[in-house]
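K.L.:
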Amino acid sequence: MPDRPFLGVEIVSKYFRLAVRRAAARRLDNLILLRGEALYLTSTLLPEAMARTVHIYFPDPWPKSRHHRRRLLDPRTVDLVLSLLEPSSGRLCFATDHVEYGEAVVETLERHPAVEVERLVGGWPEGPRTNYEAKFEERGRHILRLVAGLRTGAASLLHPAGREAILVAPAAADQPDSASRTSS
Ligand SMILES: C[S@@+](CC[C@H](N)C(=O)[O-])C[C@H]1O[C@@H](n2cnc3c(N)ncnc32)[C@H](O)[C@@H]1O
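First residue of the sequence shown: 5, per the numbering used here; consecutive thereafter.
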């Protein structure tokens, strides 16, 4: 896609530098790379409705229940992620080799009133989109791929709590000793 601008986000310095080197070697002058945590950047820096497509491929699945809250896409963050999409035409493309996480993402998106979800049977028309996908395909691993689109006029159903959940500190009333302070 030579003319279309792309924005890539990577949190780990080593992989960020690798991506910068690879982009320079391929002279990808339509690519901007940002180093940082994707949800933090989405909450603080990236404008709503900025993207025709949001691509999330093989995000860390955080399989232990106590770590689910670290997942990039889950019920807590879904509105925040979807808020990046252009209303009505925006699409989210997602893939994972982790069955449990993939099914949880499908359930989260299918329950969302603003979203239509389509699972892909087989791969993307143009073949693997990322290094992980190519590697897992070669090994014959099952890959769950989906495309989710915003329903026409449904952008207003995106709840701003997604943004607030990332940014807002606990209210004073949530802190352990606040009850004793307010009653004295
Ligand atoms: C399993 S790799 C997949 C890489 C690539 N998407 C692919 O499919 O080949 C996950 C990458 O996402 C990065 N990452 C994980 N959580 C992140 C976050 N919250 N914000 C930004 N990058 C993140 C990791 O450092 C790692 O480079």
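Note that the Cβ used here is the ideal one computed from N, Cα and C, for glycine as well.
Could you tell me whether any non-hydrogen atom of ligand 1 is closer than 6 Å to the CB of I36?
P.N.:
For ligand 1, not one heavy atom lies less than 6 Å from the Cβ of I36.
K.L.:
Among L32, E137, L11, G127, which has the Cα closest to the Cα of P51?
P.N.:
The residue with the shortest Cα to Cα distance from P51 is L11.
K.L.:
Below 6 Å, is the gap between the Cβ of V85 and the nearest heavy atom of ligand 1?
P.N.:
Result no, Cβ not under 6 Å from ligand 1.
K.L.:
So, are the CB atoms of P213 and E141 less than 7 Å apart?
P.N.:
Residue 213 is absent from the structure shown; the chain starts at 5 and stops at 188.
K.L.:
When you measure from the CB of Y136 to every non-hydrogen atom of ligand 1, does any distance come out below 6 Å?
P.N.:
Because some heavy atom of ligand 1 lies under 6 Å away, the Cβ of Y136 counts as near it: yes.
K.L.:
Quick check: is any heavy atom of ligand 1 less than 6 Å from the C-beta of D101?
P.N.:
No, Cβ of D101 sits at least 6 Å from all heavy atoms of ligand 1.
K.L.:
Report back the beta-carbon spacing between F20 and T134 to the nearest angstrom; my notes put them in contact at under 8 Å.
P.N.:
About 16 Å; that fails the 8 Å criterion.
K.L.:
Select from D64, R75, R155, T100 the residue whose C-alpha is nearest the C-alpha of S92.
P.N.:
Of the candidates D64, R75, R155, T100, the one whose C-alpha sits nearest the C-alpha of S92 is R155.
K.L.:
Between the region 146 to 160 and the region 96 to 104, do three or more beta carbon pairs fall short of 8 Å?
P.N.:
Yes, the region 146 to 160 is in contact with the region 96 to 104.
K.L.:
Compute the minimum distance between the beta carbon of D78 and the heavy atoms of ligand 1, and state whether it is under 6 Å.
P.N.:
For ligand 1, not one heavy atom lies less than 6 Å from the Cβ of D78.
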